[in-house]
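Shown next, in structure tokens, is the structure this report addresses.
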Amino acid sequence: MITSSALSASLLFLLIRLTAAIDPSKPHPFPLINSPNDGNISDIPDRPVDLTGDPTSAGLAPRDCSEILDDYDKGLRPEAPPSGTYRIFPVGCAGCYFNVYCDMQTEGGGWTIIERRTGGDIDFYRGWDFYKMGFGRITGDHFLGFERIRMLTEQKMMELQIWMRDIGELETIAGYGHFSVGNSSQGYALRVESYYGDAGDYLTASNNGRFSTFDRDNDGVVSQNCAKYFHGAWWFGSTPGAVNCGSQSNLHGFYYLGRKELPNFAGPGMSWRPVPGPGGPAVKEVVWKVRPMGYTGSLHDPRGFAASVPPPPATFNNNGIAPGPVPAVPTRLH
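When the letters of the sequence shown are read in order and numbered with mature numbering (1 follows the signal peptide of the UniProt record, and there is no 0), they come out as residues -21 to -1, 1 to 313.
And the structure:
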């Protein structure tokens, strides 16, 4: 028996397909989402779409924020899309969609925000299931969730850019030309390559490390749980059997305000350690965003820039675990 919700979803997508076929100059059928209730990751589950096959095969559903700009270039949007909350349909979502915040301004735009932490109202000291599925509000502080992030990094080779502001109001960038995470059984292992920016490279030390939370100890340290010790959740990067936690950063640590420096290395606060010595200035704001490797922005946007990221090495493996042949980068179907 077909439910009313399933029938409604089917009729909606049939209407979308017909609209695009009749007049491709019409605005994109997935516009900016203005409802204040669309941003709560914990309360809004991935919603099923009653379609046979991948909805992106019709060329109607953007798989990430860069494809929303692509639709503008193709004349499917009458105006350049502003930064804001949009629905995307990643390949691995298997007939569903979810909401993300898109940065359409920075360096040509097309960035999908996977984490924002600009205040202390959202607690990042959370367990494994929260980091797996996501928490917070898309329009405010949030973590998108590793299952969603993995969909983004598996469908295309992705660049990562981390923007930070410390308590001294210094703004810095740490970028990585190649970024991916493994699956849940692999502990969402981190893979980053080709650092660029002015913040210093304090994430490569965690490369291939498994993500740890206070209730899922994947750090390999025999004497302690690094997530509990540093009051955070992170790729603590230690080798199996290590005596001490080996991370050089912890951006999911306790939100620290009112102090210019952390009491010790990593300490109980957000840290990137951008200067020599114990700790360094405490980080008070951070935004993580990804977009396809080499993406230069909208063809109609003068803010687009020539990517300086080198091509991936021959041994780069998109699953973020072991070397292997370079996977083919999927192209959007039309």
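Glycine included, each C-beta is placed from N, C-alpha and C at the ideal position.
Could you have a look at Trp107 and say whether DSSP puts it in helix, strand or coil?
helix
Can you tell which of Ser250, Tyr51, Ala184 has its C-alpha closest to the C-alpha of Ile146?
Ser250
Could you compute how far the alpha carbon of residue 345 sits from the alpha carbon of Gln203?
Here the chain covers residues -21 to 313 and nothing more, so residue 345 does not appear.
Below 8 Å on the Cβ atoms is my contact criterion, and I expect Tyr104 with Phe233 to pass it. Report the Cβ-Cβ distance as a whole number of Å.
7 Å
For Ile128, does the three-state DSSP call read helix, strand or coil?
helix
Please report how far the alpha carbon of Pro60 lies from the alpha carbon of His157, in whole angstroms.
Between the alpha carbons of Pro60 and His157 lies a gap of roughly 26 Å.
Going along the chain, which residues of its own chain have a beta-carbon closer than 7 Å to the beta-carbon of Lys268, five neighbours each way excluded?
Taken in chain order, the residues that qualify are Asp82, Trp90, Thr91, Ile92, Ile93, Gln140.
To test your reading of the DSSP string, which unbroken beta strand (DSSP E) runs of 3 or more residues are found completely within the region 132 to 188?
137 to 145, 150 to 160, 169 to 176
Closer than 8 Å, CB to CB, is Tyr208 near chain B or not?
Considering every chain present, this structure includes no chain B. It has just one protein chain.
Counting C-beta neighbours from all protein chains within 10 Å, is the total for Val265 16 or more, i.e. buried, or is it exposed?
Buried, because 16 or more other Cβ atoms sit within 10 Å of the Cβ of Val265.
In terms of residue numbering, what span does the alpha helix (DSSP H) encompassing Glu46 cover?
44 to 52
Give the range of the alpha helix (DSSP H) segment to which Cys205 is assigned.
205 to 208
Could you tell me the alpha carbon to alpha carbon distance between Ile67 and Glu58, rounded to whole angstroms?
19 Å
Work out the CA separation of Ser163 and Gly74 for me, nearest whole Å.
Distance from the CA atom of Gly74 to the CA atom of Ser163, rounded to whole angstroms, is 21 Å.
Compute the Euclidean distance between the alpha carbons of Gly180 and Asp50, then round it to the nearest angstrom.
Checking the sequence shown, residue 180 turns out to be Asp, not Gly. For Asp180 and Asp50, the gap between their C-alpha atoms comes out near 35 Å.
Along the beta strand (DSSP E) that carries Asn78, what are the first and last residues, could you check?
75 to 82
Are the region 171 to 189 and the region 123 to 133 touching by the rule of at least three beta carbon pairs closer than 8 Å?
no
Where does the unbroken beta strand (DSSP E) through Val265 begin, and where does it stop?
Residues 262 to 271.
Taking all protein chains shown into account, decide if Gln134 is buried (16 or more other Cβ within 10 angstroms of its Cβ) or exposed.
Counting the other Cβ atoms within 10 Å of the Cβ of Gln134 gives 16 or more, which makes it buried.
Where does Val201 sit, in a helix, a strand or coil, going by DSSP?
coil
When every heavy atom of the ligand MG is checked, does at least one fall within less than 7 Å of the C-beta of Lys268?
In the structure on display, the ligand MG does not appear, and there are no ligands present to speak of.
Quick check: what's the CA-CA separation for Tyr80 versus Ile117?
The straight-line gap from Cα to Cα measures roughly 6 Å.
Can you tell me whether Gly46 is buried or exposed, with buried defined as 16 or more other CB within 10 angstroms of its CB?
It should be noted that the sequence gives Glu, not Gly, for residue 46. With 16 or more other Cβ atoms within 10 Å, it is buried.
Within the continuous beta strand (DSSP E) that includes Gly63, where are the two ends?
63 to 67
In whole angstroms, give me the CA-to-CA distance for Tyr208 and Leu48.
Rounded to whole angstroms, Tyr208 to Leu48 spans 43 Å at the Cα level.
In angstroms with no decimal places, state the Cα-to-Cα distance between Trp213 and Ser62.
Spanning the two alpha carbons is a distance of roughly 28 Å.
State buried or exposed for Val201, treating a residue as buried only when at least 16 other CB atoms are found within 10 Å of its CB.
exposed
Whose C-alpha, out of Gly276, Thr275, Pro271, His231, is nearest the C-alpha of Arg101?
Note that residue 101 is Ile in the sequence shown, not Arg. Of Gly276, Thr275, Pro271, His231, the residue nearest in Cα terms is His231.
Would DSSP call Thr91 helix, strand or coil?
strand
Which of the three DSSP states is assigned to Thr85 in this structure?
helix
Roughly how many angstroms lie between the CA atoms of Asp52 and Tyr167, to the nearest whole one?
34 Å
Would you call the CB atoms of Met112 and Pro271 closer than 8 Å?
no
When the distance is taken between beta carbons, is Ala261 closer than 8 Å to Gly248?
yes
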